[in-house]
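What follows is a short report on a single structure.
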Amino acid sequence: MKRRGMVPWPAESAAAYRSAGYWLDKSLGNHLWDWADRYGDRTALVDGERRLSYRALAIRVDSLAENLLGLGLRPGQNVLVQLPNCWQFMVTVMACVRIGIAPVLALPAHRRRELAHVATESEATAVVVPTSWKDFDYEGLAHEVAARCPGSPQVLVLGEPGREGSVALDPLIGTVDDSGPLRAEDVAARRRHLDAVDVDPEDVALLLLSGGTTGLPKLIGRTHNDYEYNARRSGEVCGFGGDTVYLAVLPVAHNFPLACPGVLGTWGVGGRVVMAPSARPEVAFPLIARERVNTTAVVPAVAQRWLQAAGTGPADLTSLRSLQVGGARLAPEIARRVPAELGCALVQVFGMAEGLLNYTRPDDPPEVVATTQGRPISPHDEILIVDENDVPVAQGESGALLTRGPYTPPGYFRGGPHNKRAFTPDGWYRTGDVVRLHPGGNLVVAGRSKDLINRGGEKISAEEVEDIAYSMPQVVEAAAIAVPDDELGERICLCVVLKENETLAMTDVVETFSRTSIARYKFPEHLRILPSLPHTPVGKIDKKALRAEFMTL
Ligand code: OOB
1 MKRRGMVPWP AESAAAYRSA GYWLDKSLGN HLWDWADRYG DRTALVDGER RLSYRALAIR
61 VDSLAENLLG LGLRPGQNVL VQLPNCWQFM VTVMACVRIG IAPVLALPAH RRRELAHVAT
121 ESEATAVVVP TSWKDFDYEG LAHEVAARCP GSPQVLVLGE PGREGSVALD PLIGTVDDSG
181 PLRAEDVAAR RRHLDAVDVD PEDVALLLLS GGTTGLPKLI GRTHNDYEYN ARRSGEVCGF
241 GGDTVYLAVL PVAHNFPLAC PGVLGTWGVG GRVVMAPSAR PEVAFPLIAR ERVNTTAVVP
301 AVAQRWLQAA GTGPADLTSL RSLQVGGARL APEIARRVPA ELGCALVQVF GMAEGLLNYT
361 RPDDPPEVVA TTQGRPISPH DEILIVDEND VPVAQGESGA LLTRGPYTPP GYFRGGPHNK
421 RAFTPDGWYR TGDVVRLHPG GNLVVAGRSK DLINRGGEKI SAEEVEDIAY SMPQVVEAAA
481 IAVPDDELGE RICLCVVLKE NETLAMTDVV ETFSRTSIAR YKFPEHLRIL PSLPHTPVGK
541 IDKKALRAEF MTL
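Letter by letter, the sequence shown follows residues 1 to 553 in full-length UniProt numbering.
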């Protein structure tokens, strides 16, 4: 059975993906046990001093899955998960998918506005958060969000519950590991019980959040079949194997570290995943040295910080073989420095939570790796580069990228009318990226047509920022634009026209955004007050003209 609101692939496509061996018709929970059977005692996951073998991981996942059922959660439901990078994140996600519950993967940076929206849209029946983290009261916010949700979701917390009604997560996961008191027969019995839960591999396994170009994030329903292929094929392209030691430094709620090839791509081949609580060099470098990490994935802003830090301090990065960089434009000058200064190969990754993944390949010439964003992973990935009338451009010309394929769902989950804008009637996803084909067959990202700001890899919908700006009584007209930034690539500049005799200071803007309770990375960092905004002939705000004006901020 599939969830209401998911858009399935056409039957002919699904049949082709099956017969090509991409879709294996097995749930992600069953894959996890396959990996546990195959790699048993090998270390699957490292978080600080804690190390979990494949078998211990699967046992803990089953323990939590059984207890989630015990709390009354049911297959077919969705659960909001907002956790930092830690071993419990992965156990929670896998326990949900094991019993056909789709975790909705919120970022730790998200606040009330995003959480309330996705919890409502997904009809979440539980919310999983840390009690507090980085001085923020996640438990308090979760209760606030739960109280506003129609279904009154339960609140599960990592840490000592501080509020009435919170359920502690750790006891549900249990302290059982390989050497623990659990008997093999009990493990096997529980495994059989959970194997009997009917999970459709064609149904949504998990819900990723889109960076989004509209006011609020969209839900991307990734199926068991498509997501396992996404991770497995990425791993093949990137040469992942049993000796892969992968450091998860970006927030694992992001598709990139989760499955491109990321955590899931590493597990499928018996490698080891190390969780990093932060991408800061002071945190990540000692972990790389201690665990002999050989592969990791970062956004360009992090790559730049690492290059700077590696050049100035003592850092043992000798184990590092491959640094994957994606999520935002990587300047060729920075790209060329990676092999020289970090002593590892660079892999450029141009991907999206909606599906399509492109990687540069190990046999691409160094200049191609430095100047292109790779090519698709699947022979069945379809690519069209089109003009404004959806007509394909001449070979080598820039145009809008459309795509469909075995791991790009043909619609957002409960996407409603938005699906009509974001997808063509034949199911092509409009990526909003402007690309051209490099002579060797790789894609070059030349720009974008979607109205968002890419701040160090985090996507911010201009509309979302503008909606909040319009809530300020002084504002007559507002436009959020990206301005170039050396550190993060882009930052948000809010351009406003004010009512007569009104004033507006940055502190007022920050106050309004704080009160709205949205992720901090969506706060404007530049403010420009203008007598008027430029308009296009059809009366829309001319953002191109605005951007040109502020290129040199
Ligand atoms: C990744 O996923 P999202 O969903 O956060 O963002 C997707 C968008 C793309 O449409 C493109 O606009 C931009 O991020 N992007 C890049 C890029 N990689 C992504 N722009 C220029 N160069 C690149 N290399 O960002 C994502 C998902 C999976 C793997 C890697 C990145």
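Think of the CB as a built atom: it goes at the ideal place given N, C-alpha and C, for glycine as much as any other residue.
| Asked | Found |
| --- | --- |
| Taking its Cβ as the centre, do 16 or more other Cβ atoms sit within 10 Å of T213, making it buried, or is it exposed? | buried |
| Do you know offhand how far D178's Cα is from A44's? | Per-residue confidence for D178 stands at a pLDDT of 49, beneath the threshold of 50, marking its modelled position as unreliable; no derived number is given. |
| Buried or exposed, going by whether 16 or more other CB atoms sit within 10 Å of the CB of K420? | exposed |
| Verify whether the separation of the beta carbon atoms of V81 and P103 is less than 8 Å. | yes |
| With a threshold of 7 Å (Cβ to nearest heavy atom), would G456 be considered close to the ligand OOB? | no |
| Which of the three DSSP states is assigned to W9 in this structure? | coil |
| Please tell me whether, using a cut-off of 7 Å, the distance from the CB of A345 to the nearest non-hydrogen atom of the ligand OOB is below it. | no |
| Which residue's Cα is closest to the Cα of R491: T131, Y521 and S517? | Y521 |
| State yes or no: is the C-beta of F350 nearer than 7 Å to some heavy atom of the ligand OOB? | yes |
| Work out the CA separation of F523 and L494 for me, nearest whole Å. | 9 Å |
| Do you know offhand how far I481's Cα is from D542's? | 10 Å |
| Below 8 Å between beta carbons: does that hold for G29 and R74? | no |
| Can you tell me the Cα-Cα spacing of P365 and G440, whole angstroms? | 10 Å |
| Do you know offhand how far D47's Cα is from W35's? | 19 Å |
| Just checking R361 against the ligand OOB - is the residue's beta carbon closer than 7 Å to any of the ligand's heavy atoms? | no |
| What are the start and end residues of the alpha helix (DSSP H) that includes R232? | H224 to V237 |
| At a cut-off of 7 Å, is C260 close to the ligand OOB when judged by its beta-carbon and the heavy atoms of the ligand? | yes |
| Which complete alpha helix (DSSP H) runs does the region 312 to 357 hold, if anything under 4 residues is left out? | 332 to 337 |
| First and last residue of the beta strand (DSSP E) that includes V204? | V204 to L209 |
| Within 7 Å: the Cβ of L330 and any heavy atom of the ligand OOB? | yes |
| Looking at C-alpha atoms only, which residue of L320, L219 and E164 is the closest neighbour of V79? | L219 |
| Straight-line CA distance for E525 to L452? | 15 Å |
| On the criterion of 16 or more Cβ atoms from any shown chain inside 10 Å, does P10 qualify as buried, or is it exposed? | exposed |
| For the ligand OOB, I want to know if A106 counts as a neighbour, meaning its beta carbon is within less than 7 Å of at least one of the ligand's heavy atoms. | no |
| Might you give, ordered along the chain, the residues of its own chain that have their beta carbon closer than 6 Å to the beta carbon of A65, omitting 5 neighbours on each side? | A95, R98, I99 and L194 |
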